[in-house]
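Chains as they are written, first to last, in this note's numbering: chain A, 20 to 409; chain B, 1392 to 1580.
Here's what the structure looks like:
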């Protein structure tokens, strides 16, 4: 049990911990811009551990280092909390899970599963604002102090140090388990929701977007009920009450006379170059029910997307349930008809048709693939298929 | 496969990404039979462990570099036995080389690899059978960048695969030529 509690601490630190209601007993003063803990304080010990985790993260191969995307995301953070901008270091982690976190030392992580799922800048701003709320209120420090009264300090440090050694992203399953142990109280999450909402609305983002991202996530969570749990859901359950509270706040805050923005165009411009990679990562989770909900959501906003139709075909081809090969062929052909599909659409179509014994159509698809991607990394193999299909 | 054996195999496979394990044996620099189906001729000594259908060799440690031999996967089996193997791709004996590589990528994903890219996929004889070769790059679950190369083929309805991988910095290159010689030496029994 002690180990479990210690591990739970790790998650809470790394994922920017739970929250304490504003003004509640034991609540800390908000962090001030540029503030660092006294060197002889317990808070400094916590920062030191997080500095080690951050040191590993800096050299992780999972980081996305694209300067344009980093600048764009950092711009959102600074728009939300300009006073803390200089103290926050943002890292984009390529992993197909919805998550964002904010450590007490100013290390902010944005996972690409979140970037893929946010419809626009306003939704992302709300989630980042929520995490900034944890940071501003020093919730993880509060958790650290609460937890130390419940477990052995040496054990806690050992676990945190071990985590620093293996890197933060580490074992997702472990983090999920820990998040469940330290599930936030509704009051705690409500406070972070309030701060996130205030920050986004103050920055001019359409407040009606805030509840929408929780609604989308809730649909995905329900569809994927038999699949792996989410670290973010474990610590941030998208409850009906929470969604309704945000909707009510949005109704009160939204006034038609103000020039609100959802920032969708800027968001698409910044994130679209990455979308095919992120959808591929998502596909590799083999969580087809959840991915179908995600694809339905994306296609509702963009029904004429060859790229999305291609991934719909990929989902069918790889799921390979009864009737799926036929559905996959239809999706690939639809993607090619719409336009904007990647060259790999013809390759996937060719592979499937070859498996189904439709040689002339398979051959035509492979030839189109090599025409569209003459320098493809698998061109030699595709040429060998063409020989076989003669 | 028993639950205990499944766990054992998962541990062995995970060792390729995470390092560490036990029950090593010495592979001497002389011809050696793999899976009772083919021989290879290592030119240097390796440390090996075997679990189920996988035989894993390393020089510097599994976290740094390894060469792994899959000894005959049957139709309907996943590449790796892991907690989530129910939802993973299963081997089909009619898979094309492209689909076999897709199976490999799926298997690596199931044991924590991310950002996997495949390059230079090409036809290649695996012993006496038609097969494939390709190069790989991926990142382990703890952020270590690795490179790899694979060779494989379906023989009598069963999948045989050799995968060499190592840390992008230093270790992959250190034993790449040794691994290449092993792949080139594959000879069906």
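Yeah, the Cβ is synthetic: ideal placement off N, Cα and C, and Gly gets one too.
- The beta carbon of residue 1507 of chain B falls within 9 angstroms of a beta carbon belonging to chain A, placing the residue at that interface.
- Residues of chain B with a Cβ closer than 9 angstroms to the Cβ of residue 75 of chain A are, in chain order, 1533, 1534.
- The C-alpha of residue 1489 of chain B lies about 12 angstroms from the C-alpha of residue 373 of chain A.
- Taking the beta carbon of residue 67 of chain A as reference, no residue of chain B falls within 7 angstroms; the closest one sits roughly 20 angstroms away.
- Those residues of the segment 1427-1461 of chain B placed with their C-beta closer than 7 angstroms to a C-beta in chain A do not exist.
- Distance check between residue 1450 of chain B and each of B/1544, B/1564, B/1536 places B/1564 closest, using alpha-carbon atoms only.
- Under the DSSP assignment, residue 1557 of chain B falls in the beta strand (DSSP E) whose first and last residues are 1549-1558.
- Assigned with DSSP and collapsed to three states, residue 1537 of chain B falls in strand.
- The Cβ-Cβ distance between residue 215 of chain A and residue 229 of chain A falls below 9 angstroms.
- DSSP places residue 386 of chain A outside any beta strand (DSSP E); the residue lies instead in the alpha helix (DSSP H), whose first and last residues are 378-391.
- Cβ proximity to chain B below 8 angstroms picks out 370, 373, 374 from the segment 367-387 of chain A.
- Under the three-state reduction of DSSP, residue 71 of chain A is assigned to helix.
- Just measuring C-alpha positions, the residue of B/1448, B/1549, B/1541 sitting nearest residue 1419 of chain B is B/1448.
- Around the beta carbon of residue 263 of chain A, a 10 Å sphere encloses fewer than 16 other beta carbons of the protein chains shown; the residue is thus reported as exposed.
- Cβ atoms of residue 127 of chain A and residue 150 of chain A come within 8 angstroms of each other, at about 7 angstroms.
- One finds 399, 400, 403 in chain A with Cβ atoms closer than 8 angstroms to the Cβ of residue 1514 of chain B, taken in chain order.
- In terms of Cα proximity to residue 1516 of chain B, the closest of B/1528, B/1541, B/1535 is B/1541.
- Cβ-Cβ distances below 8 angstroms link residue 1500 of chain B to 1507 in the same chain, with the five nearest sequence neighbours on each side left out; the list follows chain order.
- For chain B, the residues of the segment 89-118 of chain A that bring a beta carbon within less than 7 angstroms of one of its beta carbons are 113, 114, in chain order.
- From the beta-carbon of residue 1497 of chain B, the residues of chain A found nearer than 8 angstroms are 303, 305.
- The beta carbons of residue 1534 of chain B and residue 364 of chain A sit no closer together than 9 angstroms.
- Interface flag for residue 1530 of chain B against chain A is set, since a Cβ pair is found closer than 9 angstroms.
- Look at the segment 1473-1501 of chain B and you find these whole runs of alpha helix (DSSP H), each 4 residues long or longer: 1488-1501.
- In the three-state reduction of the DSSP assignment, residue 81 of chain A falls in the coil class.
- Assignment of residue 128 of chain A by DSSP, reduced to helix, strand and coil, places it in the strand class.
- Using a Cβ-Cβ distance cut-off of 8 angstroms, the segment 133-151 of chain A and the segment 278-287 of chain A are in contact, since at least three pairs of beta carbons, one from each stretch, lie closer than that value.
- Here residue 311 of chain A has 242, 334 as same chain residues with Cβ atoms under 8 angstroms from its own Cβ, once five neighbours each way along the sequence are excluded.
- Annotated three-state conformation of residue 365 of chain A is helix, per DSSP.
- Looking at the DSSP output, residue 1514 of chain B shares a beta bridge with B/1523.
- Under the three-state reduction of DSSP output, residue 110 of chain A falls in the strand class.
- One Cα belongs to residue 381 of chain A, the other to residue 340 of chain A, and the distance between them is close to 21 angstroms.
- DSSP, reduced to helix, strand and coil, places residue 1445 of chain B within a strand of the structure shown.
- Restricted to the segment 313-372 of chain A, the alpha helix (DSSP H) segments that are unbroken, complete and at least 4 residues in length are 325-338, 343-357, listed in chain order.
- Comparing alpha carbon positions, the residue from A/293, A/70, A/394 closest to residue 124 of chain A is A/70.
- For residue 143 of chain A, the enclosing alpha helix (DSSP H) begins and ends at 140-155.
- Rounded to whole angstroms, the gap between the alpha carbons of residue 276 of chain A and residue 266 of chain A is 19 angstroms.
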